[in-house]
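Here is the structure we will look at, set down as structure tokens.
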Amino acid sequence: MAEPRNRPALNLDDFEPKTANRSDAGAARQAASELGFTAREGHQSMPFDGRCYRRPSPRTAQLNIATRPEIKDRFWRLAYELDVASGEELLKRMLESFERQLGKERTTR
23 MAEPRNRPAL
33 NLDDFEPKTA
43 NRSDAGAARQ
53 AASELGFTAR
63 EGHQSMPFDG
73 RCYRRPSPRT
83 AQLNIATRPE
93 IKDRFWRLAY
103 ELDVASGEEL
113 LKRMLESFER
123 QLGKERTTR
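Numbering-wise, our numbering puts 80 at position 58 of the sequence shown, and it's gapless, one number per residue.
Okay, structure coming up:
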């Protein structure tokens, strides 16, 4: 085991604490700006939350389909080629086309 340290006795009878120097924060800020000092953080702006500006969407259902990556790529490539605004629009067009084709096949049978 370690031996205890021999500490000299401290005599603090003559110790007088000093009062803190309170400088004027406004004067310090003005002097800093005159000398070209800037704050590290800069001006902190409030975070912007754009959710309050969005209009409610009629799209409330979600359709998740497990597929191979190449099928997904074909889907979005076709959407790009047809210049549709969303995946929903392409799916809608595909369904309408498929239903028209089914209708033609049903009438020819």
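The beta-carbon is built from N, C-alpha and C at its ideal position, and this holds for glycine as well.
Residue i and residue j closer than 9 Å at C-beta
i       : j       : result
Leu-104 : Arg-115 : yes
Leu-112 : Ala-101 : yes
Distance, residue j Cα to residue i Cα
i       : j      : result
Asn-22  : Met-68 : With the chain running from 23 to 131 in the structure shown, residue 22 is simply not present.
Ser-45  : Ala-54 : 13 Å
Asn-28  : Glu-56 : 54 Å
Ala-42  : Phe-59 : 25 Å
Leu-124 : Gln-84 : 25 Å
Asn-33  : Glu-25 : 24 Å
Gln-52  : Lys-40 : 27 Å
Ile-93  : Arg-62 : 50 Å
Pro-30  : Asp-36 : 17 Å
Rounded distance between the beta-carbons of residue j and residue i, thought under 8 Å
i       : j       : result
Arg-144 : Glu-121 : For residue 144 there is no data in the structure shown, the boundaries of the chain being 23 and 131.
Min CB distance residue i to chain C below 9 Å
i       : result
Leu-124 : Note that chain C does not occur in the displayed structure, where there is just one protein chain.
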